[in-house]
Structures are given as C-alpha cells and as structure tokens.
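11 is the number of the first residue of the sequence shown in my numbering; add one for each residue after it. Ideal placement from N, C-alpha and C gives every residue a C-beta, glycine not left out. Have a look at the structure below before the remarks.
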Amino acid sequence: MGVDFDLTVIWAFIIAFAVFAYVVMDGFDLGIGILFPTFEVGAERDRAMNSIAPVWDGNETWLVLGGGGLLAAFPLAYAVVLPATYPLIIAMLLGLVFRGVAFEYRWRDPAHRGFWDAAFTGGSLVAAMAQGMTLGALLQGIDVVGRAYAGSWFDWLTPYTLLTGLGTVAGYALLGATWLVWKLEGDSQHHARKLAKRAAWATFVLMGAVSLYNLLLNPEYAERWLSAPEIYYAAPVPILTGLVALALIRALSVERHSKPFWLSLLLFLLGMAGLGVTMWPYVVPPGLTIWEAAAPERSQVFMLIGVAITLPLILGYTAWAYWVFRGKVGDEGYH
C-alpha cells in the first residue's frame, strides 16, 4: 500500500482529481435532469433549470481534462479502456449532447417544451447510467493480452455493472436534490428535501451493495479490505462514510440549506477514496499498473508544466462563477 510520489503517481492523482471534480460538479446537473419528471411543470421546473444555468456547461470542462489527461499521461490505459467500453462511452456522449441541446431549446421552443424536457431527462439518465457502468466495467476487470484489449463487445454488460450504474444514478440524484435544497425556497425547497431523503437512502443501500459485491468480485480486492496490515489503512473509509451518512440524514431532517450538499460531496469523496484503496496501483485491473500504462517521463514533465498553468485558471474561473451565483433562485433567476 506504499506510495512512491514519482511523476506517474502525481499524474494519477491529477486524473483522479479531474474525475472527482467532474463527478461532483456535473453530477448535480445530471441529478436534476434525472429528477426532472418529479418537478411540477412550469415554475418549479424553470427554477430547477435556472439554478444550474450559469454553471452547467463549465462543469464539463473537467470531463475534457480527465479524458484528455488519461490519453496524454496513460496512453496505454486509454487504448485499452476505450475499446472495452465503446458502447458506454458513445451512449454517455450522446446523452450529454441530448441534455445540452434540450437545456437550450426548451427555452427557445416553448411549443415543444414537453419533448425537450423528456430529452433533458433521458439524456441525463443515459449519461449517468453509462458513467456508472463504465466504472463497473473497469472494476470488474478488463481482459488485456499483448498490451491490447482482448475481450468482446459486450464484456461490460454484467449484473455488477448494472448495479454500479444504478448506484451512480442514485448518487447523482442525491447531489441534484441537495443542490436544489440549497438553491430553492418555499414549497420547491420542501419538495427537493423530500427527494433528497429518498435519494440518500437509495445511495446508501447501493453503495453498500457495490462495496460488498467488490469483496466477491476479486480476491485481491477482498484482501485489500480485510487482511492486515491493509485493513488498518482501509477501515477509516467505511467508518467515516457511515458517520457522514448519519450527518446527512440529520441535516436533511433539521432543514439545513447548504450543509446537505456539502455532506453529499464528502460522501462522494469517501467513495472515491474507497475506489483508490480497491484499485491501487492498477489503472486497468487486474494487471495493468499506472507505471506500465504511463507515458514517457519527458512527456509527463511537459504536460505537467501545462497543467500547472491551466489548472489554477480553471479552478479560478469556476470558483468565481459559483461565487457570483451564490444566492437563491426565484422565478426570475438568481437574486
């Protein structure tokens, strides 16, 4: 479980950070789309849309950084993972396209707003499910022979990947609902709080199910979580997850505003930490480590200079956008 902080490890953490940033930032956008049919047609749906209007497209910057960074820093992993998950990646991208188009056209084509609302929901649901199933396909293992993908077109379709897909959908719904608890007022906020409680319980159950399934999925995963001395490093993750889950339910029960959202983000961070414990040091389980998949050292140094310049800029303008639109959302937008 030791970590040698060389360039490859640094790049692994950069990619992990980009993926986490995308999941939590675009996750609540997708979550709002997943929950959209439960909102009242008219003002409530408009307020939900307006709450993410200033930030939703900027959130997808992190998807570009994560995907592009994987290609540049771990080209062999990119070359293996994409052929293994082509249908899922295509479905995700099409879902994101439909969601983005629907977001804009529902305002510009009111005569067909019902169709665009359905496209917004469908695109969000497909993208979320595809992302979760891609994660599941990676965790269950990818067949690699001679530095190339050796599996079939549908190796990604298993009960385990369906479970991880449903878990991702539930988690995104939780992020979306808690975001609306923070940003809305009155009856709309009360409705979002009810949705957040249901999504929270669904997320807890599915996170637990995926975690238990992981122990049966691969003997090495079970060893990392259940044998000494690894268990001493891994034990804080489920303990803290349980504490955060309790705090989240309490925050939703005592009608906090922003706290449920931050606790939901913390829940995702702990889930990411759990994935790190499970997979380290593999980038493509069961046999391709980050060092085996890494680009040459000179390439890593060159790219690291670029990231050192661009990453603070991305963080800066993202933080500024969220700061400017930090208030509540009414019928006319932010106030």
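Three-state class that DSSP yields for L298 in the structure shown: By one-based count along the sequence shown, residue 298 stands at place 288. Shown here, L298 sits in a strand according to DSSP, grouped into three states.
Since K193 and S61 are thought to touch, with beta carbons under 8 Å apart, how far apart are those beta carbons, to the nearest angstrom? By 1-based counting over the sequence shown, the position of residue 193 is 183. By 1-based counting over the sequence shown, the position of residue 61 is 51. Right, the Cβ-Cβ distance comes to about 4 Å (below 8 Å), so this counts as a contact.
Quick one: is H201 buried, meaning 16 or more other Cβ sit within 10 Å of its Cβ, or exposed? Within the sequence shown, numbered from 1, the residue matching residue 201 stands at position 191. Buried, since its Cβ has 16 or more Cβ neighbours within 10 Å.
What's the call for V107, buried or exposed, on a 16-neighbour Cβ count within 10 Å? Against the sequence shown, residue 107 aligns to sequence position 97. Around the beta carbon of V107, a 10 Å sphere encloses fewer than 16 other beta carbons of the protein chains shown; the residue is thus reported as exposed.
Taking 8 Å as the cut-off, decide whether the C-beta atoms of A83 and A318 are in contact. Mapped onto the sequence shown, residue 83 falls at position 73. Mapped onto the sequence shown, residue 318 falls at position 308. A distance of 8 Å or more separates the beta carbons of A83 and A318.
How about Q141 and M102: do their beta carbons lie closer than 8 Å? Counting from one through the sequence shown, the residue named residue 141 turns up at place 131. Counting from one through the sequence shown, the residue named residue 102 turns up at place 92. Going by C-beta atoms, Q141 is nearer than 8 Å to M102.
How long is the line joining the alpha carbons of A63 and G281, rounded to whole angstroms? Walking along the sequence shown from the start, residue 63 turns up at place 53. Walking along the sequence shown from the start, residue 281 turns up at place 271. Each residue's Cα considered, the two are about 28 Å apart.
Report yes or no: do three or more beta-carbon pairs, one from the stretch 112-121 and one from the stretch 82-101, lie closer than 8 Å? Put simply, the stretch 112-121 does not touch the stretch 82-101. Fewer than three CB pairs are less than 8 Å apart.
Residue nearest to V334 in terms of C-alpha spacing, selected from G161, V65, F23: For the purposes of this step, residue 334 is identified with residue 324 of the sequence shown, where counting begins at 1. If you compare the alpha carbons of G161, V65, F23 with that of V334, the shortest gap goes to V65.
So, are the CB atoms of L45 and A129 less than 8 Å apart? One-based indexing of the sequence shown puts residue 45 at position 35. One-based indexing of the sequence shown puts residue 129 at position 119. Between L45 and A129, the CB-CB gap reaches or exceeds 8 Å.
How would you call D197, buried or exposed, if buried means at least 16 neighbouring beta carbons within 10 angstroms? Mapped onto the sequence shown, residue 197 falls at position 187. Exposed: under 16 other Cβ atoms inside 10 Å.
Assign I25 to one of two classes, buried (16 or more other C-beta atoms within 10 Å of its C-beta) or exposed (fewer than that). Your numbering for residue 25 matches position 15 in the sequence shown. Its Cβ being crowded by 16 or more others within 10 Å, I25 is buried.
Supposed contact pair L285 and Y223 - C-beta distance, whole angstroms, cut 8 Å: The count along the sequence shown starts at 1 and reaches residue 223 at position 213. The count along the sequence shown starts at 1 and reaches residue 285 at position 275. Contact flag wrong, Cβ pair sits at about 13 Å.
Apart from the five residues on each side of it in sequence, which residues of its chain come closer than 6 Å, Cβ to Cβ, to F30? What you label residue 30 is simply residue 20 of the sequence shown in a count that begins at 1. If you ignore the 5 residues before and after F30, its C-beta comes within less than 6 Å of the C-beta of M282, all in its own chain and listed in chain order.
What residue ranges within the stretch 58-104 form continuous alpha helix (DSSP H) runs of no fewer than 4 residues, ordered along the chain? Entirely contained in the stretch 58-104, the alpha helix (DSSP H) runs reaching 4 residues are, in chain order, 66-69, 71-83, 85-94.
Checking the sheet assignment: what are the DSSP bridge partners for Y159? Within the sequence shown, numbered from 1, the residue matching residue 159 stands at position 149. The partner list for Y159 (beta bridge, DSSP) reads V154.
Between which two residues does the alpha helix (DSSP H) harbouring P239 extend? For the purposes of this step, residue 239 is taken as the residue at position 229 of the sequence shown. Run containing P239: none; DSSP gives neither H nor E here.
Taking A331 as the reference, which of T48, G68, R57 has the closest Cα? Within the sequence shown, numbered from 1, the residue matching residue 331 stands at position 321. Selected option, being the one with the closest Cα: G68.
Is the distance from the Cβ of L298 to the Cβ of L277 below 8 Å? Counting from one through the sequence shown, the residue named residue 298 turns up at place 288. Counting from one through the sequence shown, the residue named residue 277 turns up at place 267. Not closer than 8 Å, so no.
How about W189 and F38: are their beta carbons less than 8 Å apart? Taking the sequence shown and counting its residues from 1, one reaches residue 189 at position 179. Taking the sequence shown and counting its residues from 1, one reaches residue 38 at position 28. Cβ atoms of W189 and F38: closer than 8 Å.
Identify which residue in V220, N228, R109 has its Cα closest to the Cα of T131. If you number the sequence shown from 1, residue 131 lands on position 121. Its Cα nearest to that of T131, the residue R109 stands out among V220, N228, R109.
I'd like the span of the alpha helix (DSSP H) that includes D36, first residue to last. Reading the sequence shown from its first residue, position 26 is the one you call residue 36. D36 -> alpha helix (DSSP H) spans 17-45.
What is the DSSP secondary structure of V13, counted as helix, strand or coil? The residue labelled residue 13 in the question sits at position 3 within the sequence shown. Summary for V13: the model assigns pLDDT 44, below 50, so the residue's position carries little reliability, and this model does not support an answer.
Let's test the definition: count the other Cβ atoms within 10 Å of the Cβ of S263 and tell me whether it reaches 16, buried, or not, exposed. For the purposes of this step, residue 263 is identified with residue 253 of the sequence shown, where counting begins at 1. Per the 10 Å Cβ criterion, exposed.
Put V264 into one of helix, strand or coil per three-state DSSP. If you number the sequence shown from 1, residue 264 lands on position 254. The three-state reading of DSSP puts V264 in coil, since its state is none of H, G, I, E or B.
May I ask you to report which of helix, strand or coil DSSP gives V339? Against the sequence shown, residue 339 aligns to sequence position 329. Reduced to three states, the DSSP call for V339 is strand.
Where V220 sits in the DSSP three-state scheme: Within the sequence shown, residue 220 is the residue found at index 210, counting from 1. Here V220 sits in helix by DSSP.
Cross-strand partners of Y292 (DSSP beta bridge): Against the sequence shown, residue 292 aligns to sequence position 282. Paired residue(s): T299.
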